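Engineer: The structure under discussion is supplied below as structure tokens; questions concerning it will follow.
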């Protein structure tokens, strides 16, 4: 198992390298550059700026300079925030996105698993119908609808929670709920399905036939196999949640990094595009690895040797 | 039961939060600055920060008029070429150092230094040799500025520039504290390092969250600065700012979403819709085979129902009848009248149809023209509506849509264009700043590739005319020529939209959309 984990970590490095290279060149194919705005720059000024960022050098040379700097932990200057390097910008926002994302994730996991299991155990009863309705609502209502409605109710009408900003616990409540709600719904549905399946499987029927108490059967045996699909989903979902959401960040004016995934591409902020891609790629690879390793814990049939 | 405890806790907390910060001015801004080094700035949201942090030779008044800043007075030579500024004795940096003419010399040379790569260096090109210095042809020392002594700063111009004082209000004209910039390099902008000479001094800067400033006690007019602490809060999304404003979390929203304007009217005086120094237009490529005919271009302009566009698509914007927007300085007579704007929409349409019929073009025998615009819901709606209006006179539109960066790069690189959407916000309040867009040698901005020696000659004459009234007449003639020739097709003048909290006093809305914080105060209740 340790051996396997080590091997997997080793494959992450060339994968990342390939992603970085591909992104670097693909990004440059897009027309326009970081300094093309409504008010055009005088040609001489544009030349000065491009020279100061090294954009006047041949692309291949720029690539090697970038890789060289990256290996030393420097993601280069941001074209949009001239006073900062890309890794500084990301380092400021990432903790906020991670705090927000992991809180939402935890909420989704606990509530989703709980609701899904309850629904499965009460299949086709009122509780089940209620939970499934809630889950369908949660999946189909996008958070750019939920978030302003929550703000309208809790911030503008009852004034019990702030509408925007970051820093105090009360400012976390609405963004976390908005972010978690669709995830709770998805996890609930996944959990309900897999729990139903697990309850029908042979080993659960055997356990029940032995007269084991229901809580024990569900909590210890069915839960383990029912969690597997949820886990597969949570790997990539965790990466997505922790890198922030531009929608939630804009609606609640939060200083996370979700915005950069969209704005950096629109602004042709080349170094920032690279930075965001590196972060997402790393998180996806790492979370997938974690999920694969967790499989061995939950499913005795899975063994890596 | 638990929930109610939780709600009580939150209420108490938010009450504490609101009252603890009662004396702080929360100023919503359109976004974060690219940098706090004013030589790297270009946007209006950055200008707001710079106007609060620095005082230039001249500054903006509460009504955005030019007033003495760090220079208490100045002389202009008879030929308009030499400006001598006398700095005030009580001008200090936020660390207590006196502001000297050498700080201005340092800042202006740095601005023009090609290595600084200042985006807006062009704005001070009227200074003698500035352009050549900026492109590296001349040494920095050749720039037409010098310090006669610690308190006298002299600027020599390339040619008389009647709007030069207006240009100096721009952040590119502000000084820099030489010692700290030289000692700290690019770290001089960091909180704790940044030394400024304006009404406020930087305390902290959290990206995408807030920029905190406090009153600069060394500022020469500090005794009249009422607001002690100021937080600039960037809003990427304008609707979010509106919600924050309604929840009492910010005092100002610097821009508002068009679809909310109607609803926001319930706030009466707090909602400010004011003409702004900008024009939204379509450029018609005059070198294009079909569009080279000025009569066709005129017909295309005639048939556009601008009232409809500003009512249905751009509420609050003002239908444009000229390239130069309303309320601009140094233009006492205003823009010339263009005959067809006096006609009814139906008559205009008839005449346009008649013009096109003479060219053999009609609804049944249409010509296809490509319209290019940058993506955006309202740009799309505008293009669709105008295409519909043009279809009446036999012009069939195909679209080419790119995102903003790609759109403007394409225009800049002189890609093949027929009709292109563009907009222009004045950098300073003078008609020249709009009319120069169509000078034939203005390759970067003249998307219409308009080339008219008569127009160029008038623009040259205006540049050399020192009498502001005579100059305005010349510029008016020039504008008349382009309104007739229609290389640009003005659609509407921009308006600025602001929400101002009733708690804030002395917010004077103006065409420059400038409201330095030093003039504002909290309304004292009672």
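Protein chains in written order, with the working numbering: chain A, 123 to 427; chain B, -16 to 509. Beta carbons: idealized from backbone N, C-alpha and C, even for Gly. Here the structure is a predicted model, which is why all the values come from computation and not from measurement.
Can you pull the DSSP bridge partners for residue 351 (chain B)?
Structural biologist: Against the second chain, residue 351 (chain B) aligns to sequence position 368. In the DSSP output, where bridge partners are listed per residue, residue 351 (chain B) has B:379.
Engineer: By the three-class DSSP mapping on this structure, what secondary structure does residue 198 (chain B) have?
Structural biologist: Against the second chain, residue 198 (chain B) aligns to sequence position 215. Of the three classes helix, strand and coil, the one that applies to residue 198 (chain B) here is strand, per DSSP.
Engineer: Would a check of beta-carbon distances place residue -4 (chain B) closer than 8 Å to chain A?
Structural biologist: Your numbering for residue -4 (chain B) matches position 13 in the second chain. Legend: pLDDT at residue -4 (chain B) = 48, less than 50; position of this residue unreliable, no value from coordinates given.
Engineer: Throw me the rounded Cβ distance for the residue 237 (chain B) and residue 11 (chain B) pair, which I believe falls under 8 Å.
Structural biologist: In the second chain, counting from the first residue as 1, residue 237 (chain B) sits at position 254. In the second chain, counting from the first residue as 1, residue 11 (chain B) sits at position 28. Their Cβ separation, rounded to whole angstroms, is 5 Å, which keeps residue 237 (chain B) and residue 11 (chain B) in contact under 8 Å.
Engineer: Taking residue 479 (chain A) as the query, report the chain B residues whose CB atoms sit under 7 Å from its CB, ordered along the chain.
Structural biologist: The first residue shown for chain A is 123 and the last is 427, placing residue 479 (chain A) beyond what the model contains.
Engineer: Give the residues of chain B in contact with residue 211 (chain A), contact being defined as C-beta atoms less than 7 Å apart.
Structural biologist: As a position in the first chain, residue 211 (chain A) is number 89, starting the count at 1. In chain order: 190.
Engineer: Closest to residue 269 (chain A) by CA distance: which of A:243, A:219, A:420, A:302 is it?
Structural biologist: Here residue 269 (chain A) refers to the residue found at position 147 of the first chain. With distances taken between Cα atoms, residue 269 (chain A) lies closest to A:302.
Engineer: Determine the chain A residues that contact residue 218 (chain B) at a beta-carbon separation under 7 Å, and present them in chain order.
Structural biologist: Position 235 of the second chain holds residue 218 (chain B). In chain order: 375.
Engineer: Check whether the stretch 43 to 55 of chain B and the stretch 489 to 497 of chain B touch, using three or more Cβ-Cβ pairs below 8 Å as the test.
Structural biologist: Flag = yes, the stretch 43 to 55 of chain B and the stretch 489 to 497 of chain B touch.
Engineer: Can you grab the Cα-Cα spacing for the pair residue 187 (chain A) / residue 391 (chain B), in whole Å?
Structural biologist: Numbered from 1 along the first chain, position 65 holds the residue referred to as residue 187 (chain A). Numbered from 1 along the second chain, position 408 holds the residue referred to as residue 391 (chain B). Rounded to whole angstroms, residue 187 (chain A) to residue 391 (chain B) spans 28 Å at the Cα level.
Engineer: Can you give the Cα-Cα distance for residue 131 (chain B) and residue 90 (chain B), rounded to whole angstroms?
Structural biologist: If you number the second chain from 1, residue 131 (chain B) lands on position 148. If you number the second chain from 1, residue 90 (chain B) lands on position 107. Rounded to whole angstroms, residue 131 (chain B) to residue 90 (chain B) spans 16 Å at the Cα level.
Engineer: On a Cα-Cα basis, can you pick out the residue from B:375, B:209, B:447 that is closest to residue 147 (chain B)?
Structural biologist: The residue labelled residue 147 (chain B) in the question sits at position 164 within the second chain. When only C-alpha atoms are compared, the closest one is B:447.
Engineer: Over what stretch of residues does the alpha helix (DSSP H) that includes residue 330 (chain A) continue unbroken?
Structural biologist: In the first chain, residue 330 (chain A) corresponds to position 208, counting from 1. 324 to 331 is the extent of the alpha helix (DSSP H) around residue 330 (chain A).
Engineer: Looking at the secondary structure, which residues open and close the alpha helix (DSSP H) in which residue 130 (chain B) lies?
Structural biologist: Position 147 of the second chain, counting from 1, holds the residue named residue 130 (chain B). That residue, residue 130 (chain B), is in no alpha helix (DSSP H); its beta strand (DSSP E) goes 128 to 132.
Engineer: Please report the straight-line C-alpha distance between residue 183 (chain A) and residue 197 (chain A), rounded to a whole angstrom.
Structural biologist: Locating residue 183 (chain A) in the first chain gives position 61, counting from the first residue. Locating residue 197 (chain A) in the first chain gives position 75, counting from the first residue. Roughly 16 Å separates the two Cα atoms.
Engineer: Should residue 403 (chain B) be flagged as near chain A, meaning a C-beta pair shorter than 8 Å?
Structural biologist: Looking up residue 403 (chain B) in the second chain gives position 420. No, residue 403 (chain B) does not count as interfacial toward chain A.
Engineer: Quick one: list the residues of chain B neighbouring residue 185 (chain A), beta-carbon separation under 8 Å, in chain order.
Structural biologist: To locate residue 185 (chain A), count along the first chain from 1; it is residue 63. Going along chain B, no residue has its Cβ under 8 Å from residue 185 (chain A), so there is no contact; the nearest lies around 21 Å.
Engineer: What are the residues that DSSP puts in a beta bridge with residue 504 (chain B)?
Structural biologist: Start at 1 with the first residue of the second chain, and residue 504 (chain B) comes out as number 521. DSSP output for residue 504 (chain B) lists B:488 as bridge partner(s).
Engineer: In its own chain, which residues sit with a C-beta less than 6 Å from the C-beta of residue 77 (chain B), not counting the 5 before and 5 after it?
Structural biologist: Here residue 77 (chain B) is taken as the residue at index 94 of the second chain, counted from 1. These residues qualify, in order along the chain: 178, 179, 184, 199, 201.
Engineer: Which word fits residue 389 (chain A), buried or exposed, when buried means at least 16 other C-beta atoms lie within 10 angstroms of its C-beta?
Structural biologist: Counting from one through the first chain, the residue named residue 389 (chain A) turns up at place 267. It counts as buried.
Engineer: Output yes if chain B places a C-beta closer than 8 Å to the C-beta of residue 205 (chain A); else output no.
Structural biologist: Here residue 205 (chain A) corresponds to residue number 83 of the first chain, with the count starting at 1. Closer than 8 Å: yes.
Engineer: With a 10 Å radius around its C-beta and 16 neighbouring C-beta atoms as the bar for buried, classify residue 72 (chain B) as buried or exposed.
Structural biologist: The residue you call residue 72 (chain B) lines up with position 89 of the second chain. The residue is exposed, with fewer than 16 neighbouring Cβ atoms inside 10 Å.
Engineer: Run down chain B in chain order and give the residues with a C-beta less than 9 Å from the C-beta of residue 372 (chain A).
Structural biologist: Position 250 of the first chain, counted from the first residue, corresponds to residue 372 (chain A). Those are 218, 219, 220, 222, 223, listed as they occur along chain B.
Engineer: Between residue 509 (chain B) and chain A, is any beta-carbon pair separated by less than 8 Å?
Structural biologist: Along the second chain, one-based indexing puts residue 509 (chain B) at 526. In this prediction, residue 509 (chain B) has a pLDDT of 42, which is less than 50 and means its spatial position is unreliable; what the coordinates show is noted afterwards. It does not; no Cβ of chain A falls within 8 Å.
Engineer: Could you tell me the alpha carbon to alpha carbon distance between residue 348 (chain B) and residue 339 (chain B), rounded to whole angstroms?
Structural biologist: Residue mapping note: residue 348 (chain B) aligns to position 365 of the second chain, counting from 1. Residue mapping note: residue 339 (chain B) aligns to position 356 of the second chain, counting from 1. C-alpha separation (whole angstroms): 10 Å.
Engineer: From B:225, B:121, B:55, pick the residue whose C-alpha is nearest to that of residue 484 (chain B); which is it?
Structural biologist: The residue you call residue 484 (chain B) lines up with position 501 of the second chain. Checking every option, the nearest Cα to that of residue 484 (chain B) belongs to B:225.
Engineer: Indicate whether residue 243 (chain A) and residue 297 (chain A) have their beta-carbon atoms separated by less than 8 Å.
Structural biologist: The sequence position of residue 243 (chain A) within the first chain is 121, counting from 1. The sequence position of residue 297 (chain A) within the first chain is 175, counting from 1. No, they are not a contact pair.
Engineer: Scan the stretch 69 to 98 of chain B for residues whose Cβ lies nearer than 8 Å to a Cβ of chain A and list them as they occur along the chain.
Structural biologist: Under the 8 Å Cβ criterion, the stretch 69 to 98 of chain B contributes 97, 98.
Engineer: Answer yes or no: does any C-beta atom of chain A fall closer than 8 Å to that of residue 273 (chain B)?
Structural biologist: Taking the second chain and counting its residues from 1, the one referred to as residue 273 (chain B) is at position 290. No, its Cβ sits nowhere closer than 8 Å to a Cβ of chain A.
Engineer: Does the beta carbon of residue 170 (chain A) sit closer than 8 Å to a beta carbon anywhere in chain B?
Structural biologist: Start at 1 with the first residue of the first chain, and residue 170 (chain A) comes out as number 48. Residue 170 (chain A) counts as touching chain B.
Engineer: How many Å lie between residue 174 (chain A) and residue 383 (chain A) at the Cα?
Structural biologist: Here residue 174 (chain A) is taken as the residue at index 52 of the first chain, counted from 1. Here residue 383 (chain A) is taken as the residue at index 261 of the first chain, counted from 1. Whole-angstrom Cα-Cα distance: 25 Å.
Engineer: Using CA atoms only, rank isn't needed, just tell me which of B:328, B:379, B:196 is closest to residue 351 (chain B).
Structural biologist: Position 368 of the second chain holds residue 351 (chain B). If we check each option's Cα against that of residue 351 (chain B), B:379 comes out closest.
Engineer: Do you know whose CA, among A:124, A:255, A:373, A:398, lies nearest residue 471 (chain A)'s CA?
Structural biologist: With chain A running from 123 to 427 in the structure shown, residue 471 (chain A) is simply not present.
Engineer: Take residue 17 (chain B) as the anchor and find which of B:159, B:54, B:271, B:217 has the nearest alpha-carbon.
Structural biologist: By one-based count along the second chain, residue 17 (chain B) stands at place 34. Closest option to residue 17 (chain B), Cα to Cα, is B:217.
Engineer: If contact means a Cβ-Cβ distance below 8 Å, which residues of the stretch 17 to 32 of chain B contact chain A?
Structural biologist: The residues in question are 17, 18, 19, 20, 23, 25.
Engineer: Return the chain-ordered ranges of every alpha helix (DSSP H) run that is complete within the stretch 85 to 136 of chain B and spans a minimum of 4 residues.
Structural biologist: Whole alpha helix (DSSP H) segments, 4+ residues: 113 to 117.
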